[in-house]
Amino acid sequence: MARLKLNDGVSLKELGLAILELAAESDQSQGANREAGEKTIRDMFNGTNEGGDPANPDISFVYDTAEQVHLVVPDLSSKRGKPAASALDDYDLRDIAAEAMGEISVRGCGK
1 MARLKLNDGV
11 SLKELGLAIL
21 ELAAESDQSQ
31 GANREAGEKT
41 IRDMFNGTNE
51 GGDPANPDIS
61 FVYDTAEQVH
71 LVVPDLSSKR
81 GKPAASALDD
91 YDLRDIAAEA
101 MGEISVRGCG
111 K
């Protein structure tokens with residue numbers, strides 16, 4: 001999580017809308033529409049770094065169903081240690097992030 005870099009000119013809102021559109025269509029279609037939606041999202045991240053290598057890790061799509069819910073456990077291996085102090089620390093962003101993670105996990109992102 002939080003290791004992807006959007007291409008210049010692509011907004012978080014555009015990404016969110018593409019993900020929600022893919023979710024809305026995925027229960028009605030499997031093949032070409034799903035692949036097209038995934039390609040649209042992948043193309044939002046297809047930039048390269050200064051050395052010409054891909055700027056982002058591989059992206060995998062996993063679809064929840066009525067019978068199965070996927071909980072994504074984030075890779076925090078590069079987040080060890082204490083971050084630099086910030087004025088935002090007054091708001092204890094860890095609490096906000098934890099609450100958001102729990103809310104999305106239990107209630108989903110559609111309600």
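For the sequence shown, counting from 1, position 43 maps to 43 in this note's numbering; every step adds exactly one. Beta carbons are placed, not taken as given, at the ideal position from N, Cα and C, and that holds for glycine. As the structure is a prediction and not an experimental result, all values here were calculated from the model.
Taking all protein chains shown into account, do 16 or more other C-beta atoms lie within 10 angstroms of the C-beta of residue i, making it buried, or fewer, making it exposed?
| i | result |
| --- | --- |
| residue 51 | exposed |
| residue 37 | buried |
| residue 24 | exposed |
Which stretch, first to last residue, makes up the alpha helix (DSSP H) that contains residue i?
| i | result |
| --- | --- |
| residue 22 | 12–26 |
| residue 51 | Segment: none, residue 51 is in no alpha helix (DSSP H) and carries neither H nor E. |
| residue 37 | 32–43 |
Measuring CB to CB, does residue i end up less than 7 Å from residue j?
| i | j | result |
| --- | --- | --- |
| residue 19 | residue 42 | no |
Judging by CA-CA distance, which residue of the options is the nearest neighbour of residue i?
| i | options | result |
| --- | --- | --- |
| residue 75 | 8, 67, 64, 57 | 57 |
| residue 62 | 71, 11, 55 | 71 |
| residue 49 | 77, 100, 5 | 5 |
| residue 12 | 26, 45, 95, 69 | 45 |
| residue 15 | 32, 33, 39, 102 | 39 |
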